[in-house]
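Residue numbers (the working numbering): 11 to 121.
Here it is as structure tokens:
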């Protein structure tokens with residue numbers, strides 16, 4: 011693996027950790043204003059991850075043969091990881107919204 015790929019991999023893993031922490035904060039928070047802020051934060055981190063994968067794809071083009079194939083595989087794995095995290099976050103958001111609505115109904119605050 012090239013030093014370029016290794017540098018991107020370190021950066022991606024750090025970003026992935028940030029995403030996990032932000033998603034954990036989102037799932038454990040019940041304050042509406044904080045939930046909205048955390049949601050925006052997670053979405054921004056997903057955008058950064060997508061941008062990083064695109065940058066890596068550009069860098070990979072300059073590599074030769076087997077290095078290119080190995081690096082392309084790494085980028086593909088990143089994209090799959092981001093896609094899975096995004097899907098999990100969407101489920102989390104839907105579940106949180108449904109739970110908030112259920113709580114409102116129980117309190118007689120339909121709307």
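Don't be surprised by glycine CBs; every beta carbon is placed ideally from N, CA and C.
Predicted model, so just to flag it, every value in this text is computed and none were measured.
Start-to-end residues for the alpha helix (DSSP H) that takes in residue i
i: residue 69; result: 42 to 70
i: residue 73; result: Counting along the chain, residue 73 falls outside any alpha helix (DSSP H), and DSSP gives it neither H nor E.
C-beta atoms of residue i and residue j nearer than 8 Å
i: residue 29; j: residue 52; result: yes
i: residue 103; j: residue 43; result: no
i: residue 107; j: residue 56; result: no
i: residue 91; j: residue 19; result: no
Buried or exposed (CB count within 10 angstroms, at least 16 for buried), residue i
i: residue 15; result: buried
i: residue 59; result: buried
i: residue 122; result: Beyond the ends of the chain as shown, which are 11 and 121, falls residue 122; an answer cannot be given.
i: residue 24; result: exposed
Cβ distance (whole Å) where residue i is taken to contact residue j below 8 Å
i: residue 81; j: residue 70; result: 4 Å
i: residue 89; j: residue 63; result: 5 Å
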